[in-house]
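Everything on this sheet refers to the single structure shown next.
Numbering (this note's numbering), first residue to last: 2 to 302.
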């Protein structure tokens, strides 16, 4: 896509792989691109952010199923805060040539990070956790947590300083399409596996090309607690554990921050060891410090 727009990119060794060499940009005048909508919204957001700076602007035609639509909408909303207008109708995004303007912007709290505290409450016998500053409405698709987690045993009560997460009864089955919020899938899969909830998931296709193949990683790690993730015809079923391990379980993080953070809350039910725990630095550097704030004993090696 970048080459079609005018980026001068060379592969120094194998075509399609790093290392790459960037030799500047000469605007090709191209103002329409077709790009798959079902691989990753991050590619789409990257192109949208440079679109106002192109000589003829940019029209993106999203082909196939559109995944993570809320992330695309969020990108456009943030750009609007800096003076860039756009249109997003059906599968077509249009942005004319424009200039970004200086503006003050308040960044929302991270709903994806909040999901791990929902998990802590869901997996506990009894608990109540206050999360500061979090509120609705929110641009992030992962704010669907507030509705989703009522089925998994957590109620969200908003107040002046944020939200309190409270333990409630959970359902025996849970179904959800993660197309718009794939970053929640690992957290929810672990909750279902440990709490005896049959999980029926769709929309996980994009998980295969994240920091790791998250579907394969989930399948491998859930087996360690006696659960499984079964795939059939682009549908995934979490078959929960019948008896959780009574001894310490070591989980591989696969150099993936969300794998580490999704499995760590199992410490509410068993002794847990996380390999390569510093992967959390990618998105939540204070994760382990916050664990200690709520009274969880950690040992580091």
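We put the beta carbon where it would ideally sit given N, CA and C, even for glycine. Please read all numbers here as calculations on a predicted model, not as lab measurements.
Sub-8 Å separation of residue i and residue j beta-carbons
i	j	result
residue 218	residue 194	no
residue 85	residue 101	yes
residue 181	residue 70	yes
residue 35	residue 56	no
residue 197	residue 241	yes
residue 204	residue 189	no
residue 92	residue 67	yes
residue 208	residue 215	yes
residue 33	residue 9	no
residue 273	residue 252	yes
residue 45	residue 73	yes
residue 1	residue 281	The structure shown does not extend to residue 1, since the chain is modelled only from 2 through 302, so no value can be given for it.
residue 271	residue 295	no
residue 58	residue 38	no
residue 40	residue 210	yes
Rounded C-alpha distance that separates residue i from residue j
i	j	result
residue 151	residue 119	10 Å
residue 348	residue 49	No answer is possible for residue 348: it lies beyond the span of the chain, which begins at 2 and ends at 302.
residue 171	residue 154	4 Å
residue 232	residue 103	48 Å
residue 116	residue 276	21 Å
residue 54	residue 82	16 Å
residue 161	residue 136	9 Å
residue 4	residue 158	49 Å
residue 166	residue 17	45 Å
residue 31	residue 51	13 Å
residue 212	residue 254	10 Å
residue 26	residue 11	12 Å
residue 1	residue 147	There is simply no residue 1 to check, as the chain begins at 2 and stops at 302 in what is shown.
residue 256	residue 174	31 Å
residue 226	residue 248	10 Å
residue 221	residue 301	24 Å
residue 238	residue 111	27 Å
residue 259	residue 283	9 Å
residue 169	residue 63	41 Å
residue 6	residue 79	23 Å
Host beta strand (DSSP E) of residue i (start-end)
i	result
residue 37	33 to 37
residue 264	From DSSP, residue 264 is part of no beta strand (DSSP E) but of the alpha helix (DSSP H) over 258 to 264.
residue 130	129 to 133
residue 230	229 to 233
residue 43	Residue 43 -> not in any beta strand (DSSP E); alpha helix (DSSP H) instead, spanning 42 to 51.
residue 274	273 to 275
residue 240	236 to 240
residue 250	250 to 252
Residue i: first and last residue of the uninterrupted alpha helix (DSSP H) it sits in
i	result
residue 122	112 to 124
residue 147	146 to 149
residue 109	Note, residue 109: premise wrong, no alpha helix (DSSP H); not H, not E.
residue 294	288 to 294
Rounded distance between the beta-carbons of residue j and residue i, thought under 8 Å
i	j	result
residue 305	residue 121	Lying outside 2 to 302, the shown extent of the chain, residue 305 is not represented and no answer is given.
residue 109	residue 77	So it is not a contact: roughly 15 Å between Cβ atoms.
* To do: List in chain order: all unbroken beta strand (DSSP E) runs of 3+ residues lying wholly within the stretch 56 to 97.
  => Taking only runs of at least 3 residues, the beta strand (DSSP E) segments lying wholly in the stretch 56 to 97 are 59 to 64, 88 to 90 and 93 to 96.
* In chain order, each alpha helix (DSSP H) run of at least 4 residues that lies wholly inside the stretch 160 to 223 -> With a minimum length of 4 residues, the continuous alpha helix (DSSP H) runs that stay inside the stretch 160 to 223 are 186 to 196 and 215 to 223.
* To do: Entirely within the stretch 2 to 29 and at least 3 residues each: give me those beta strand (DSSP E) ranges in chain order.
  => The beta strand (DSSP E) runs lying completely inside the stretch 2 to 29 and spanning 3 residues or more are 8 to 12 and 21 to 26, given in chain order.
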